[in-house]
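To start, the structure under review is shown below, and the notes come after it.
Numbering (the working numbering), first residue to last: 7 to 377.
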């Protein structure tokens, strides 16, 4: 914390006690992201809250550098605006909400502290497939009813900017030695190289498709680690990327990330994907969306382009001695990670192929000739 006096004032306001009686416990987050100075659970006696400190001065890797551009995907102050405007609660009527904002504190160095409700309940990282589907129905109903939202600080062209900035390992896609590394050779499915090189080759086509589909207000970081079940609601955390997205883009992120980060076994990926898609579609219809279902299917399948960068990253890290989980707190078995991610990449390759076949029937031009 950069300002002890402000910390003490906030603790007194929220808990009615001094900061000296509060315990700060670090919570998992992306330590490489330049907009997040830290996230803590703050406990005082029998009460708790979550403190998230937003910044623009933290050193970060190039793709995670904080931006001052309000439309940039990594605009450092966006999450504060989403909470302050009430936009984080726009889906609450349909059972999807954010933690309550308890206080916002401006620090003397320019950082912004968000004090948020500490939500109890079952984390999305341990949900059953049925619970994933329940959430997808709620999200579909919310996005079907609410549609777009326009504010000058919401992200635009998220997929294009996010994927364009993640370039680590991209030069290895055509490197024979990179594909011969034991973790890659032994755990990536046969034919994956050709499919993922093709996805990268077609990246611009996929991005144009996604940018041409019906628009909805989207969370854009929608994965189990950002979800918690609380009563009849799904509570959705981390609104830093929120903005304009394609119909189906959020669930197109949710399903692969559930397996990529080892929350759901890859063997259950087809079951998870089908349950989430069907529930989301029924939710959309319940929310009032009357569009062509093929547009939704195209958005879900074409969103595979978000993971164009992941193949190169896995090639680049296949020689590392330690494989770390999200947040870097513990190691995960390398063989397990590469097997599960290889199967997920193959699933995404199949979705990309489905998008190529589906798009012309909806009036979109076919992709360029593949390699």
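In this text, a Cβ means the ideal position worked out from N, Cα and C, and glycines have one as well. Since we're looking at a predicted model, the values are computed, not measured.
Buried or exposed by the 16-neighbour rule on C-beta atoms within 10 Å, applied to residue i
i, result
"residue 224", "buried"
"residue 377", "Confidence at residue 377 is low in this model, with a pLDDT of 48, below 50, so the placement of that residue should be treated as unreliable; the coordinate-derived value is given next. Residue 377 is exposed by the Cβ-count criterion."
"residue 75", "exposed"
"residue 85", "buried"
"residue 367", "exposed"
"residue 24", "exposed"
"residue 194", "buried"
"residue 347", "buried"
"residue 42", "buried"
"residue 140", "buried"
"residue 262", "buried"
"residue 244", "buried"
"residue 240", "buried"
"residue 29", "exposed"
"residue 114", "exposed"
"residue 330", "exposed"
"residue 373", "buried"
"residue 52", "exposed"
"residue 309", "buried"
"residue 83", "buried"
"residue 132", "exposed"
"residue 169", "buried"
"residue 273", "exposed"
"residue 196", "exposed"
"residue 357", "buried"
Candidates the options, of which the one nearest residue i by Cα
i, options, result
"residue 327", "340, 346 and 171", "340"
"residue 314", "54, 237, 174 and 146", "174"
"residue 283", "292, 42, 365 and 302", "302"
"residue 267", "293, 316 and 250", "316"
"residue 123", "258, 231 and 89", "89"
"residue 251", "243, 227 and 91", "227"
"residue 312", "254, 12 and 374", "254"
"residue 118", "371, 44, 18 and 372", "44"
"residue 264", "168, 10 and 353", "353"
"residue 260", "98, 249 and 281", "281"
"residue 344", "33, 309, 237 and 191", "191"
"residue 20", "188, 48, 36 and 234", "48"
"residue 334", "18, 13, 34 and 10", "34"
"residue 324", "218, 186 and 172", "186"
"residue 210", "362, 369 and 10", "362"
"residue 98", "79, 238, 332 and 320", "238"
"residue 270", "65, 72 and 349", "349"
"residue 116", "357, 169, 12 and 128", "12"
"residue 150", "371, 321, 291 and 79", "291"
"residue 18", "77, 121 and 235", "121"
"residue 96", "322, 148, 200 and 144", "148"
"residue 236", "92, 126, 87 and 169", "126"
"residue 40", "370, 360, 79 and 14", "79"
"residue 355", "307, 322 and 216", "307"
"residue 200", "338, 359, 92 and 142", "359"
"residue 71", "144, 167, 111 and 92", "167"
Cβ distance (whole Å) where residue i is taken to contact residue j below 8 Å
i, j, result
"residue 46", "residue 60", "The pair is not a contact, with the Cβ atoms about 13 Å apart (cut-off 8 Å)."
"residue 27", "residue 55", "Not quite, the Cβ-Cβ distance comes to about 14 Å (not below 8 Å), so this is no contact."
"residue 38", "residue 63", "Not really, about 15 Å apart at Cβ, beyond 8 Å."
"residue 258", "residue 146", "With a Cβ gap of about 13 Å, residue 258 and residue 146 do not count as contacting."
"residue 178", "residue 318", "6 Å"
"residue 285", "residue 130", "That pair is no contact at about 15 Å."
"residue 220", "residue 289", "About 15 Å; that fails the 8 Å criterion."
"residue 16", "residue 94", "Actually they are not in contact, since the Cβ atoms of residue 16 and residue 94 sit about 19 Å apart, beyond 8 Å."
"residue 351", "residue 198", "6 Å"
"residue 370", "residue 218", "7 Å"
Inset, instruction - Give a yes or no on contact between the segment 170–185 and the segment 271–278, applying the rule of three or more CB pairs nearer than 8 Å. - result: no
Inset, instruction - Would you check if the segment 102–110 and the segment 151–158 touch, i.e. whether three or more CB-CB distances between them fall below 8 Å? - result: Put simply, the segment 151–158 does not touch the segment 102–110. Fewer than three CB pairs are less than 8 Å apart.
Inset, instruction - Ignoring anything shorter than 4 residues or poking outside the segment 75–150, list the alpha helix (DSSP H) runs there in chain order. - result: 84–91
Inset, instruction - Could you name each continuous beta strand (DSSP E) segment of 3 residues or more that falls completely within the segment 159–189, going from the start of the chain to the end? - result: none
Legend entry - Ordered list of alpha helix (DSSP H) runs contained in the segment 235–313, each at least 4 residues: 255–266, 275–293 and 299–308
Inset, instruction - For the segment 200–208 and the segment 127–140, state whether three or more C-beta atom pairs, one from each stretch, are separated by less than 8 Å. - result: no
Inset, instruction - Could you tell me whether the segment 293–307 touches the segment 158–168, where touching means 3 or more Cβ pairs closer than 8 Å? - result: no
Inset, instruction - Let me know the alpha helix (DSSP H) ranges lying completely inside the segment 196–235, each 4 residues or longer, listed in chain order. - result: 198–207 and 209–218
Legend entry - Sequence ranges, alpha helix (DSSP H) only - wholly within the segment 311–371, length at least 4: 314–322 and 340–364
Inset, instruction - Can you check the segment 29–66 for any beta strand (DSSP E) of at least 3 residues that lies completely inside it and give the ranges in chain order? - result: 29–32, 42–50 and 53–60
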